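Visitor: First residue of the sequence shown: 92, per the working numbering; consecutive thereafter.
The structure follows.
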Amino acid sequence: MTRHDRLRTVWEYLILTLACFIFAMAWECFMIPNGMSAGGMMGLCTVIQYATGGLLPAQYSYIAINGILIIVAVIAMGIGFGFKTIWCILVSTLAMDLLGRLHALHAVPGEFFFMEERVLIPIIAGVLEAVGLGLVLRYGGSTGGTDIIALMVNKYWPVSLSTVFLLSDVAICALLLFLPDKNFSDMCYGMEEVVIFSLVVDIVVGGKRTSYQLMVFSEKYDQIADHIISNMDRGVTVLKAQGWFTKQDKNVLWILINQRQLSELSRVIKDLDPRAFMSISPTHNVYGEGFEEIKTGVHLKKKKKDNATA
Numbered sequence: 092m093t094r095h096d097r098l099r100t101v102w103e104y105l106i107l108t109l110a111c112f113i114f115a116m117a118w119e120c121f122m123i124p125n126g127m128s129a130g131g132m133m134g135l136c137t138v139i140q141y142a143t144g145g146l147l148p149a150q151y152s153y154i155a156i157n158g159i160l161i162i163v164a165v166i167a168m169g170i171g172f173g174f175k176t177i178w179c180i181l182v183s184t185l186a187m188d189l190l191g192r193l194h195a196l197h198a199v200p201g202e203f204f205f206m207e208e209r210v211l212i213p214i215i216a217g218v219l220e221a222v223g224l225g226l227v228l229r230y231g232g233s234t235g236g237t238d239i240i241a242l243m244v245n246k247y248w249p250v251s252l253s254t255v256f257l258l259s260d261v262a263i264c265a266l267l268l269f270l271p272d273k274n275f276s277d278m279c280y281g282m283e284e285v286v287i288f289s290l291v292v293d294i295v296v297g298g299k300r301t302s303y304q305l306m307v308f309s310e311k312y313d314q315i316a317d318h319i320i321s322n323m324d325r326g327v328t329v330l331k332a333q334g335w336f337t338k339q340d341k342n343v344l345w346i347l348i349n350q351r352q353l354s355e356l357s358r359v360i361k362d363l364d365p366r367a368f369m370s371i372s373p374t375h376n377v378y379g380e381g382f383e384e385i386k387t388g389v390h391l392k393k394k395k396k397d398n399a400t401a
């Protein structure tokens, strides 16, 4: 590893550490002190904390559930989770424990971040969570939780990742209705945070469900393609082309990947061929294996069913 690679790695982990603290701040400084919850794994952990009367803090159930999910995912899917994911889960847990003790940073009466308008709390928390988690995703990490669940469900059932995220967020927010000291307005605060998070994370990182189309021009196209097939569980298409200036035949790689893989692939291409030419275009409609299920619409599905029973 060169000095430049070491410095880049150190920089990435510094950003990931800062991002985890921002993510933790959204919950420990704003949502939890005000008895609020939202979607995602942290939302579920806060519900557990409220249901146990604070006997089981959110950060403890957060690391325990994520640990179980990673083990189950490895057994069920045969995939390995990178050290960045483990790092982000551990740092987020430590950050939540630390920020939970710093009452001066909590948005409660008498402290600097206190807001009388409770409707503003989920907005601030949603922005902070989106910035934190967005940076984590941009630098190739993950905070686990519903991301792992969505990947496992999508592998075995024809359900899109976006559907899993939406259903899990709504279900977790609805759990508040089963707690005796919570009501419908508490659920609405959670859904407000989910909406703000979804809007802002698109700005930070392109969204959890955004995909990218890449065109890669490189003399080492075969090495790049082999890495994608072997290490990223993605397909590659080789297109035959001709450079009009040189009149020489070229092999161009056409690749579709998700947001989380973009940073990793960019680094691999740069390491293998610093002179490579790459075009990146975001796309929000990718259907097929490894992405979302092809949408046929209710009427077409009903027509197909009627034809099958005729």
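Glycine included, C-beta positions come from ideal geometry on N, C-alpha and C.
Treat the numbers as computed from the prediction; the structure is a model and nothing was measured.
Use the C-beta contact count for Thr337: other C-beta atoms within 10 angstroms, 16 or more gives buried, fewer gives exposed.
Guide: Translated into the one-based positions of the sequence shown, residue 337 becomes position 246. It counts as exposed.
Visitor: Tell me Asp340's beta-bridge partners as DSSP assigns them.
Guide: Start at 1 with the first residue of the sequence shown, and residue 340 comes out as number 249. Partner(s): Gln333.
Visitor: Does the distance from the CB of Thr137 to the CB of Trp118 come in under 8 Å?
Guide: Taking the sequence shown and counting its residues from 1, one reaches residue 137 at position 46. Taking the sequence shown and counting its residues from 1, one reaches residue 118 at position 27. A contact, by the Cβ cut-off of 8 Å.
Visitor: By DSSP, does Val307 sit in helix, in strand, or in coil?
Guide: Counting from one through the sequence shown, the residue named residue 307 turns up at place 216. In this structure, Val307 counts as strand in the three-state DSSP scheme.
Visitor: Going by C-alpha distance, which of Met122, Met323 and Leu105 is nearest Phe205?
Guide: If you number the sequence shown from 1, residue 205 lands on position 114. Of Met122, Met323 and Leu105, the residue nearest in Cα terms is Met122.
Visitor: Please determine if the region 311-322 and the region 344-360 are in contact, where contact requires at least 3 C-beta pairs separated by less than 8 Å.
Guide: The region 311-322 is in contact with the region 344-360.
Visitor: Return helix, strand or coil for Val182, following the three-state DSSP convention.
Guide: One-based indexing of the sequence shown puts residue 182 at position 91. Val182: helix per DSSP, three-state reduction.
Visitor: What residue from Asn157, Asn125 and Cys179 has the CA that sits closest to Leu226's CA?
Guide: Here residue 226 refers to the residue found at position 135 when the sequence shown is read from its first residue. The shortest Cα separation from Leu226 among Asn157, Asn125 and Cys179 belongs to Cys179.
Visitor: Phe308 and Val285: beta carbons closer than 8 Å?
Guide: Along the sequence shown, read from residue 1 onward, the residue named residue 308 stands at position 217. Along the sequence shown, read from residue 1 onward, the residue named residue 285 stands at position 194. Going by C-beta atoms, Phe308 is not nearer than 8 Å to Val285.
Visitor: Excluding the 5 residues preceding and the 5 following Phe368 in the sequence, name in chain order all residues of the same chain whose CB lies nearer than 8 Å to its CB.
Guide: Taking the first residue of the sequence shown as position 1, residue 368 is located at position 277. The residues are Val307, Phe308 and Ser309.
Visitor: What does DSSP give as the partner residue(s) for Asn349 in the beta ladder?
Guide: In the sequence shown, the residue the question calls residue 349 occupies position 258. DSSP output for Asn349 lists Ser302 as bridge partner(s).
Visitor: What would DSSP say about Phe204, mapped onto helix, strand or coil?
Guide: Reading the sequence shown from its first residue, position 113 is the one you call residue 204. If DSSP states are grouped into helix, strand and coil, Phe204 belongs with coil.
Visitor: Would you mind stating whether Val222 and Thr108 have Cβ atoms separated by less than 8 Å?
Guide: Reading the sequence shown from its first residue, position 131 is the one you call residue 222. Reading the sequence shown from its first residue, position 17 is the one you call residue 108. Going by C-beta atoms, Val222 is not nearer than 8 Å to Thr108.
Visitor: Could you check if Thr184 is buried or exposed, using at least 16 other CB atoms within 10 Å of its CB as the buried criterion?
Guide: In the sequence shown, counting from the first residue as 1, residue 184 sits at position 93. Classification of Thr184: buried, given that the 10 Å Cβ count is 16 or more.
Visitor: Exposed or buried, what is Val101 when buried is set at 16 or more other beta-carbons lying within 10 Å of its beta-carbon?
Guide: Locating residue 101 in the sequence shown gives position 10, where the first residue counts as 1. Val101 comes out exposed.
Visitor: Could you tell me how far apart the beta carbons of Pro124 and Ala198 are, in whole angstroms, since I believe they sit closer than 8 Å?
Guide: By one-based count along the sequence shown, residue 124 stands at place 33. By one-based count along the sequence shown, residue 198 stands at place 107. The Cβ separation is near 6 Å, so the contact holds.
Visitor: Going by C-alpha to C-alpha distance, which of Ala115, Gly126, Arg94 and Cys120 sits closest to Asp272?
Guide: Walking along the sequence shown from the start, residue 272 turns up at place 181. Out of Ala115, Gly126, Arg94 and Cys120, Gly126 has the C-alpha closest to the C-alpha of Asp272.
Visitor: What number of angstroms, rounded off, separates the C-alpha of Asp96 from the C-alpha of Glu103?
Guide: In the sequence shown, the residue the question calls residue 96 occupies position 5. In the sequence shown, the residue the question calls residue 103 occupies position 12. Straight-line Cα distance between these residues: approximately 10 Å.
Visitor: Mapping the DSSP letters down to three states, classify Val327 as helix, strand or coil.
Guide: The residue labelled residue 327 in the question sits at position 236 within the sequence shown. Val327: strand per DSSP, three-state reduction.
Visitor: Nearest CA to the CA of Gly236: which residue from Ser128, Thr93, Ile156 and Asn349?
Guide: In the sequence shown, counting from the first residue as 1, residue 236 sits at position 145. With distances taken between Cα atoms, Gly236 lies closest to Ile156.
Visitor: In whole angstroms, give me the CA-to-CA distance for Ser128 and Gly334.
Guide: As a first step, residue 128 must be located in the sequence shown, where it is residue number 37. As a first step, residue 334 must be located in the sequence shown, where it is residue number 243. Using only the alpha carbons, I get a separation of about 56 Å.
Visitor: By how many angstroms is the C-alpha of Trp345 removed from the C-alpha of Arg325?
Guide: As a position in the sequence shown, residue 325 is number 234, starting the count at 1. As a position in the sequence shown, residue 345 is number 254, starting the count at 1. Distance between the alpha carbons of Arg325 and Trp345: 11 Å.
Visitor: Do Leu330 and Leu370 come within 8 Å of each other at the CB atom, strictly closer than that value?
Guide: Along the sequence shown, read from residue 1 onward, the residue named residue 370 stands at position 279. Along the sequence shown, read from residue 1 onward, the residue named residue 330 stands at position 239. The question names Leu, but residue 370 is Ser in the sequence shown. It is not a contact, given that the beta carbons lie outside the stated cut-off.
Visitor: Measuring alpha carbon to alpha carbon, tell me which residue in Glu220, Ser372 and Gly191 is nearest Phe114.
Guide: Counted from its first residue, the sequence shown places residue 114 at position 23. The shortest Cα separation from Phe114 among Glu220, Ser372 and Gly191 belongs to Glu220.
Visitor: Do Leu347 and Ser302 have their C-beta atoms closer together than 8 Å?
Guide: Position 256 of the sequence shown, counted from the first residue, corresponds to residue 347. Position 211 of the sequence shown, counted from the first residue, corresponds to residue 302. Contact: yes.
Visitor: Applying the criterion that 16 or more other CB atoms from any shown protein chain within 10 Å of the CB defines a buried residue, is Glu207 buried or exposed?
Guide: Position 116 of the sequence shown, counted from the first residue, corresponds to residue 207. Exposed.
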